[in-house]
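Down below is the structure, laid out as structure tokens.
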């Protein structure tokens with residue numbers, strides 16, 4: 004998984020969605036790793052725009068673990 008996250012960073016992505024069941028993502032670098040617990044949360048993260056962070060619809064306030072980019 005680390006190679007895919009590192010590739011996302013190399014391509015300029017600011018975040019990536021990795022299932023919680025995929026184990027730990029060791030490479031965090033400048034990429035924010037979003038760890039949804041189910042498909043609904045994964046879709047919400049995939050469709051979420053940066054401006055919607057923290058809103059009640061699908062932003063970071065939904066209680067999903069977020070790691071990286073700090």
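In the numbering used here, the protein residues as written are 4 to 73. Think of the CB as a built atom: it goes at the ideal place given N, C-alpha and C, for glycine as much as any other residue.
- Minimum Cα-Cα distance from residue 11 among the listed residues 48, 33, 38 corresponds to 33.
- By alpha-carbon distance to residue 23, the top candidate from 39, 49, 43 is 39.
- Judged by beta-carbon spacing, residue 46 lies beyond the 9 Å limit of residue 19, meaning their Cβ atoms are not closer than that value.
- With fewer than 16 other beta carbons inside 10 angstroms of its own, residue 16 counts as exposed.
- In the DSSP secondary-structure assignment, residue 35 is bridged to 18.
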